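Just so you know, the sequence shown maps onto residues 8 to 155 in this note's numbering.
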Amino acid sequence: MNVTLETVKNHPFVQEFIEASNEYLGALGFTEHGFRHVSLVASISKNVLRHLNYNDPLPELASIAGYLHDIGNVINRHDHGQSSALIAMYILEELKMPSDEIAIVISAIGNHEEETGDPVNPVAAALILADKSDVHKTRVRNPQMINF
8 MNVTLETVKN HPFVQEFIEA SNEYLGALGF TEHGFRHVSL VASISKNVLR HLNYNDPLPE
68 LASIAGYLHD IGNVINRHDH GQSSALIAMY ILEELKMPSD EIAIVISAIG NHEEETGDPV
128 NPVAAALILA DKSDVHKTRV RNPQMINF
């Protein structure tokens, strides 16, 4: 595998889209979905598979999926799993990631939402666990309890 999380982070769309997504969600009152969140999800996803003794490239693919899983919020919050998967596919193709690895990453991203997703592969399972485990209090942007 020659595409790593660091390679992905350096793609010109990635930083811009994550930053814009977080800004848009903030305007809507959603929880924080910025660099802290995606970095944590990437790290946890990778660690889950490492601790379960999955071989490379799966842990690195999990970290990439974790970092890109919410990038589609730049388009819309609704069905962002699918738009995130499509944006990720474009980025990973441009970075020349092998198509079998792209398939693993985008299927995980496209299945990370609890309403419509399923753990279709180990990367998806790790991503779902990592994403849903980020319940840090700093993610809350709307402190008015009446709105919950």
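Beta carbons are placed, not taken as given, at the ideal position from N, Cα and C, and that holds for glycine. Because the structure is a prediction, the values reported are computed rather than measured.
What's the gap between the Cα of residue i and the Cα of residue j?
i: D77; j: T38; result: 12 Å
i: L47; j: L136; result: 12 Å
i: L87; j: V10; result: Note on identity: in this sequence residue 87 is His, with Leu being the wrong assignment. Approximately 23 Å, taken between the alpha carbons.
i: Q22; j: L134; result: 20 Å
i: S70; j: A132; result: 12 Å
i: F20; j: K103; result: 15 Å
i: N128; j: F24; result: 26 Å
i: S106; j: I113; result: 10 Å
i: R57; j: N83; result: 32 Å
i: I116; j: P126; result: 10 Å
i: I94; j: D63; result: 24 Å
i: P66; j: F42; result: 20 Å
i: H85; j: E100; result: 24 Å
i: N60; j: L68; result: 14 Å
i: M96; j: V81; result: 15 Å
i: G36; j: E30; result: 10 Å
Taking DSSP as the reference, what is the three-state secondary structure of residue i?
i: M104; result: coil
i: D138; result: helix
i: T14; result: helix
i: N60; result: coil
i: R84; result: coil
i: P129; result: helix
i: G33; result: helix
i: N118; result: coil
i: H44; result: helix
i: E39; result: coil
Does residue i pass the burial test, meaning 16 or more other C-beta atoms within 10 Å, or should it be called exposed?
i: E108; result: buried
i: D138; result: buried
i: E13; result: exposed
i: E2; result: This structure cannot settle anything about residue 2, because the visible part of the chain is limited to 8 through 155.
i: N118; result: buried
i: A34; result: exposed
i: S140; result: exposed
Would residue i and residue j be called neighbours here (beta carbons separated by less than 8 Å)?
i: A49; j: G79; result: no
i: I98; j: H18; result: yes
i: L75; j: V130; result: no
i: H40; j: S52; result: no
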